[in-house]
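I have placed the structure first, in the form of structure tokens, so that the comments after it can refer back to it.
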Amino acid sequence: MLEPRNLALNILAVSGTDPTNITGEVIVAHTFEELSNLNVTGKIVLLIPEWKGYFKTVQFRRGGDTIEKAGGIGLMVKSIGPFSIGSPHTGSGASKAVIPTVCLTIEEAELIERLLKRGKKVVVNMNLKSKNVGKITSRNIIFDITGSEKPDEVVLLSGHIDSWDVGQGAMDDGGGMAAVWQAMLTIKRLAAENPDFKPKRTIRGVYWTAEEQGLFGAKHYFEEHKNGSETFFFVSETDQGAFRPRTLKSKFNFMGSKHEQKRIQQIATLLTENDIPVSVNPSEDYYFYFHHTTGDYMTIFKNDDLQYTSAIFAALGWVLANIEAW
């Protein structure tokens, strides 16, 4: 920030932002509707949306094309999260926008808004070094426990192996990867000790690559397998933090028929009746304190989070691999 005083703003560029060095006056909007009534030509727009959960709020981080069409030369967005301690969030931006886009800490976005409300003129310089390095080769990682009776029917448990380049990716999605690995390792060890535990269907673990860049690993896998001989009986991904569930409320983000959903609910009931919660997302807000920030470290997890979540996936995977049918 150059006016009304010098301040080095704590920002992270979003994907697709090329190297740039621009200076402009800042104008604030809280919604796209409000933006349509403002003259933003030649200005840097600061969007300060109300937090309404990630999936309702993230559209503002992807608003670069809207700002560009309105005449804006740059976009700053209050970080998409409910809380920060001076920690900006990053993520994907608008796919077709060419103007620079950055995420600003919640604290500094609100500071700029207060200055503007006091009648101050705010000018910032956006000097960004981010760049697109082009396409590179990366791979999905796949590991199987082959089914004893129905090897061509697959129960797929997955997470993604990539992360944003800030933090360590421990929560997003190292925890999900660890839960899948430990769940399958547990089933394998039990089957080695007692043949009755060997799954009838194949249980497959997959770590998707390039998920953060656009689900590229998963899309490639689908194209490679959509006409194959295997039948995918159940597919899941854990990407909301491998935290120990804190309540006994069943919660599934499930996509399937009503009949299949009923079967999943029966499994959920089986688990909850034995005091095993099945919701692995303790709080959306808590997850997004750290999501895509420098704060994504192992210290987010409590001691038994990964063990407990792994046990849930082991139970879920084994039951689904052995039930007769949907």
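Heads up: the sequence shown runs through residues 1172 to 1497, numbered per the working numbering. We put the CB at the ideal spot given by N, CA and C, even for glycine. Only a predicted model underlies this, so the values are computations on that prediction, with no experimental measurement involved.
Using the rule of at least 16 other Cβ atoms within 10 Å of the residue's Cβ for burial, across every protein chain shown, is residue 1313 buried or exposed?
When all chains shown are included, residue 1313 counts as exposed.
List the DSSP bridge partners of residue 1485.
Paired residue(s): none; residue 1485 is not in a bridge.
Hey, how far is the Cα of residue 1327 from the Cα of residue 1298?
Distance between the alpha carbons of residue 1327 and residue 1298: 44 Å.
To the nearest angstrom, report how far apart residue 1433 and residue 1402 are at their CA atoms.
Straight-line Cα distance between these residues: approximately 20 Å.
Evaluate residue 1271 with the Cβ neighbour count: other Cβ atoms within 10 Å of its Cβ, from every protein chain shown; 16 or more gives buried, anything less gives exposed.
Under this definition residue 1271 is a buried residue.
By a C-beta neighbour count over all protein chains shown, 10 Å radius and 16 as the cutoff for buried, is residue 1178 buried or exposed?
Classification for residue 1178: exposed.
Going by other Cβ atoms of all chains shown within 10 Å of its Cβ, with 16 needed for buried, is residue 1260 buried or exposed?
By the neighbour-count rule (16 or more Cβ atoms within 10 Å), residue 1260 is buried.
My guess is that residue 1338 and residue 1467 are in contact by the Cβ rule of under 8 Å, so how many angstroms apart are they, rounded?
About 3 Å separates the two Cβ atoms, so the contact holds.
Let's see if you can read the secondary structure: which residues bound the alpha helix (DSSP H) around residue 1236?
Counting along the chain, the alpha helix (DSSP H) containing residue 1236 begins and ends at 1235-1240.
Using C-beta distances below 6 Å, list every residue in its chain close to residue 1373, excluding the 5 sequence neighbours before and after it, in chain order.
So the qualifying residues of the chain are 1315, 1317, 1318, 1322, 1325.
Give every residue of the same chain whose Cβ lies closer than 6 Å to the Cβ of residue 1187, excluding the five residues on either side of it in the sequence, and list them in chain order.
Correct list, in chain order: 1264.
Taking all protein chains shown into account, decide if residue 1411 is buried (16 or more other Cβ within 10 angstroms of its Cβ) or exposed.
Residue 1411 is buried by the Cβ-count criterion.
DSSP on residue 1382, reduced to helix/strand/coil?
Three-state result, residue 1382: coil.
Which one of 1404, 1354, 1379, 1320 has the shortest CA to CA distance from residue 1479?
For the residues 1404, 1354, 1379, 1320, the minimum Cα distance to residue 1479 belongs to 1354.
Which whole runs of the beta strand (DSSP E) in the segment 1180-1256 are 3 residues long or more, in chain order?
List check, beta strand (DSSP E) in window: 1182-1184, 1191-1200, 1215-1218, 1245-1249.
Kindly indicate which three-state DSSP category residue 1369 falls into: helix, strand or coil?
In the structure shown, residue 1369 sits in coil (DSSP, three-state: anything other than H, G, I, E or B).
Would you kindly work out how many angstroms separate the C-alpha atoms of residue 1413 and residue 1346, rounded to a whole number?
Taking the straight line joining both Cα atoms gives about 5 Å.
Would residue 1388 and residue 1351 be called neighbours here (beta carbons separated by less than 7 Å)?
In this structure, residue 1351 does not lie closer than 7 Å to residue 1388 by Cβ.
Nearest-angstrom Cα distance between residue 1229 and residue 1464?
Residue 1229 and residue 1464: Cα-Cα distance of roughly 15 Å.
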